[in-house]
Amino acid sequence: MLLALVGPSLVLVSLVVLPGLDADAPAGAYQRLRAALGSPLGALAAFAVLSLIFFHTFHRICHGLADLHVPVSHRVAGWLCYGMASGLSLLAGAWLLGL
Amino acid sequence: MRRPWQPRQTPLWWWRHPAYRRYMLREATAVPLLLYALCLLYGLYALGRGEVAFQDWLLWMASPPLQVLQGIALLAALGHAWTWFQLLPKILVLYTPGGQVPAAWLRWGSVGLAVFCWTALPALAWHWLAGSAV
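One line per chain: the protein sequences are A and B, in this order.
According to the working numbering, the residues represented by the first sequence are 622 to 720, in order.
According to the working numbering, the residues represented by the second sequence are 25 to 158, in order.
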């Protein structure tokens, strides 16, 4: 449900809002984004959104592999998919902490 | 002891019926969304590296191939959300003292909430990033 509400909004921001900024606005946008994502609440929100997308998409890919009868055991596919989702989420968390 | 019967299924079972094809198409929407999320992750990395790297990421995201990817990701996200709102009344059954909340109310209520989010969040982002007071 959350992804259904946030997903299209997020794509619209990067597809329409960011390219539509004035020529001098990206500099201000950088400062604002960095300040927002550097704050604990902003970092937590960004981490939640990114990890939600990673786990949601890898969960569906894991089941899609089983549906397509890809010759990989369900346990291995699960470890691969949820491991990738965990790793990418941790990477996002590390980069957010570094801001 | 006899082993349970396991029907054989070919890898292309989903091609046999339009409903199965729609199901697989819905599942396939995960791929462009994952690629889009990886682009965002790269943007986060660029944000940490400095302003020049962030400007480069903005230019990269505005390039035609990435615009196409974002367009496909948008269609995938919208399609997935639409099918989710069709499923919602079957999963979420709400009761009031007067009886069960009609499925159409749940369906169209969630669609209304989604349309509000899809317009309000980008509009807020626009005002905030462009420097206007919200």
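We put the CB at the ideal spot given by N, CA and C, even for glycine.
For a quick check, are the C-beta atoms of residue i and residue j less than 8 Å apart?
i: Ala149/B; j: Val634/A; result: yes
i: Gln94/B; j: Tyr69/B; result: no
i: Leu102/B; j: Leu639/A; result: no
i: Leu137/B; j: Leu116/B; result: no
i: Trp39/B; j: Tyr47/B; result: no
i: Leu642/A; j: Ala154/B; result: yes
i: Gly719/A; j: Gly72/B; result: yes
i: Ala664/A; j: Leu717/A; result: yes
i: Leu709/A; j: Phe668/A; result: no
i: His690/A; j: Gln33/B; result: yes
i: Val135/B; j: Phe109/B; result: yes
i: Ala698/A; j: Ala687/A; result: yes
Could you tell me whether any Cβ in chain A is nearer than 8 Å to the Cβ of residue i?
i: Gln33/B; result: yes
i: Met48/B; result: yes
i: Gly95/B; result: yes
How far does the alpha helix (DSSP H) with residue i in it reach, from first residue to last?
i: Met48/B; result: Pro42 to Ala52
i: Leu662/A; result: Pro661 to Asp688
i: Leu638/A; result: In the sequence under discussion, the amino acid at residue 638/A is Val, which differs from the Leu named in the question. Segment: none, Val638/A is in no alpha helix (DSSP H) and carries neither H nor E.
i: Gly708/A; result: His695 to Leu718
i: Ala149/B; result: Ala127 to Ala154
i: Thr34/B; result: Taken as a continuous stretch (DSSP letters only), Thr34/B belongs to no alpha helix (DSSP H), as it is neither H nor E.
i: Leu83/B; result: Glu75 to Met85
Is the beta carbon of residue i within less than 7 Å of some heavy atom of the ligand FAD?
i: Met48/B; result: The ligand FAD is absent from the structure shown, which contains no ligand whatsoever.
Keeping to the same chain, check which residues put their C-beta closer than 7 Å to that of residue i; ignore five residues upstream and five downstream.
i: Leu623/A; result: Leu673
From the beta carbon of residue i, is the nearest beta carbon of chain B less than 8 Å away?
i: Tyr703/A; result: no
i: His695/A; result: no
i: Ala664/A; result: no
i: Ser660/A; result: no
i: Leu686/A; result: no
For residue i, collect the residues of the same chain with a Cβ closer than 8 Å to its Cβ; drop the 5 residues on either side in sequence, then sort them by chain order.
i: Val158/B; result: Summary for Val158/B: the model assigns pLDDT 42, below 50, so the residue's position carries little reliability, and this model does not support an answer.
i: Arg50/B; result: Gly103, His104 and Thr107
Give every residue of the same chain whose Cβ lies closer than 6 Å to the Cβ of residue i, excluding the five residues on either side of it in the sequence, and list them in chain order.
i: Leu701/A; result: none
State whether the segment 86-105 of chain B contacts the segment 623-642 of chain A, with contact taken as three or more CB pairs (one from each stretch) at a distance under 8 Å. yes
Check whether the segment 676-685 of chain A touches the segment 45-63 of chain B, counting contact only when three or more Cβ pairs, one atom from each stretch, lie closer than 8 Å. yes
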